[in-house]
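Input: a single structure, listed below in structure tokens.
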Amino acid sequence: MKKIRFSKFVIITTSASILIPVGIFFVLRYPISLGTVGPLNNVLTQIDQTIGSPFASLQDLFQANAANKQLRKELRQMTANEADVTKLEEENQALKESLAIREEFASLTVLTAKVTVRSPVSWLNYLRVNLGKTNQVTKNMMAVSEGGLVGTVSQVGANSSLIKLLSNTRNTEEIPVKIKAEKGDVFGILTAYDADDGTFVISQLNASTSIEKDDAVETSGLDGKSVKGISVGKVVSVKNNSNNLSRQLTVKPTADLSNISYVNLLGE
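Now the structure itself:
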């Protein structure tokens, strides 16, 4: 008797598992022809939307997160590309300057060096480059950037050298210079750097010849150890005294002393 009841239960359960899905299929497939299934269809649709909505929002969130990651990746790549372009531009400019200097000073040794160390603490005083004794660097070689004098070699190591900048206010390197005035050359000494104005101070002039604004200033080489003919800058102003020989000149540097990436070292 129990076996008969169990068999009936199995038959009913199996039939229900088949008929119920089929019935739902027809309800959803033919909602218009069966007027009584309209409310049921609406209920099922509402349930589907209620259950599916959070998953759709979650999917949108994942997609937005993936898009943001891709944008950040592209931004990092763009930044890296811009840095590479800037580096290549600096190297290209340094190469052009080096070629021009080698042509102008064909009889001298010209070495192109990259700035490797420049501490914020001594920014205006010193910088270090990547060439040394093994590259034929010698003490007192002149350092040129952007076509203008920026300093001299003060220390030489095996593979690096220390450049003492002309903007060193603690211990200014006195450089003999020549002012190319309209009525004749005037010789003097670069004696100081004004950090407030970013200009050189030239004094100890040898003649009372008239000097005007924008007159060119270059190295004279009269100390017997510096190279002559390197651009220093242009006259900005002349401070006159009763004695023209004690005049003081303010000169704007040819090079930007605050931004030096490469230098050309000149020497015998």
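Heads up: the sequence shown begins at -4 in our numbering, then just goes up one per residue. From the three backbone atoms N, C-alpha and C, an ideal C-beta is built for every residue, glycine too. What you are looking at is a predicted structure, and each value in this text was computed from that prediction instead of being measured.
Roughly how many angstroms separate the alpha carbons of residue i and residue j, rounded to a whole number?
{"i": "Arg113", "j": "Lys64", "result": "36 Å"}
{"i": "Lys173", "j": "Asn130", "result": "31 Å"}
{"i": "Thr186", "j": "Lys68", "result": "52 Å"}
{"i": "Arg97", "j": "Val105", "result": "6 Å"}
{"i": "Asn166", "j": "Glu141", "result": "23 Å"}
{"i": "Lys247", "j": "Gln58", "result": "57 Å"}
{"i": "Val212", "j": "Phe195", "result": "11 Å"}
{"i": "Ile158", "j": "Leu144", "result": "12 Å"}
{"i": "Lys234", "j": "Leu160", "result": "25 Å"}
{"i": "Asp251", "j": "Ala62", "result": "43 Å"}
{"i": "Ser91", "j": "Leu103", "result": "Looking at the sequence provided, one finds Lys at residue 91 rather than Ser. Each residue's alpha carbon lies about 17 Å from the other."}
{"i": "Gln199", "j": "Ala101", "result": "31 Å"}
{"i": "Lys128", "j": "Ser256", "result": "20 Å"}
{"i": "Asn120", "j": "Glu168", "result": "11 Å"}
{"i": "Asp192", "j": "Pro115", "result": "19 Å"}
{"i": "Glu177", "j": "Gly228", "result": "16 Å"}
{"i": "Ser155", "j": "Lys134", "result": "12 Å"}
{"i": "Asp210", "j": "Val222", "result": "20 Å"}
{"i": "Gly224", "j": "Ile197", "result": "16 Å"}
{"i": "Val231", "j": "Asn76", "result": "40 Å"}
{"i": "Asn238", "j": "Tyr188", "result": "23 Å"}
{"i": "Asn87", "j": "Pro171", "result": "31 Å"}
{"i": "Asp55", "j": "Leu66", "result": "16 Å"}
{"i": "Phe182", "j": "Trp118", "result": "29 Å"}
Could you pull the DSSP bridge partners for residue i from this structure?
{"i": "Gly183", "result": "Val172"}
{"i": "Ile158", "result": "Leu122, Val148"}
{"i": "Leu265", "result": "The question about residue 265 has no answer, for the chain in this structure spans -4 to 263."}
{"i": "Thr104", "result": "Gly262"}
{"i": "Ser203", "result": "According to DSSP, Ser203 bridges with nothing at all."}
{"i": "Gly224", "result": "Partner(s): none; Gly224 has no beta bridge."}
{"i": "Val80", "result": "Per DSSP, none; premise fails for Val80."}
{"i": "Asp189", "result": "Thr194"}
{"i": "Val110", "result": "Val124"}
{"i": "Gly143", "result": "Ser140, Ser226"}
Looking at the secondary structure, which residues open and close the beta strand (DSSP E) in which residue i lies?
{"i": "Ile197", "result": "194 to 198"}
{"i": "Leu252", "result": "Counting along the chain, Leu252 falls outside any beta strand (DSSP E), and DSSP gives it neither H nor E."}
{"i": "Thr214", "result": "211 to 214"}
{"i": "Val139", "result": "137 to 140"}
Please classify residue i as buried or exposed, where buried requires at least 16 other C-beta atoms within 10 Å of its C-beta.
{"i": "Leu126", "result": "buried"}
{"i": "Ser253", "result": "exposed"}
{"i": "Asn163", "result": "buried"}
{"i": "Ala89", "result": "buried"}
{"i": "Val80", "result": "exposed"}
{"i": "Thr107", "result": "buried"}
{"i": "Ala190", "result": "exposed"}
{"i": "Leu94", "result": "exposed"}
{"i": "Asn259", "result": "buried"}
{"i": "Leu122", "result": "buried"}
{"i": "Thr214", "result": "buried"}
{"i": "Leu244", "result": "buried"}
{"i": "Leu261", "result": "buried"}
{"i": "Thr249", "result": "buried"}
{"i": "Gly146", "result": "buried"}
{"i": "Gly179", "result": "exposed"}
{"i": "Met73", "result": "exposed"}
Considering only heavy atoms of the ligand GDP, does any lie closer than 8 Å to the CB of residue i?
{"i": "Lys64", "result": "No copy of the ligand GDP occurs in the structure displayed, which carries no ligand at all."}
Mind checking if residue i is an interface residue toward chain B, Cβ cutoff 9 Å exclusive?
{"i": "Phe182", "result": "This model lacks chain B altogether, as it is built from one protein chain only."}
So, do the region 207 to 221 and the region 94 to 114 have three or more beta carbon pairs nearer to each other than 8 Å? A contact between stretches requires three or more CB pairs, one per stretch, nearer than 8 Å, and the region 207 to 221 fails this requirement with the region 94 to 114.
For the structure I just gave you, are there three or more beta carbon pairs, one from the region 145 to 155 and one from the region 204 to 214, closer than 8 Å? no
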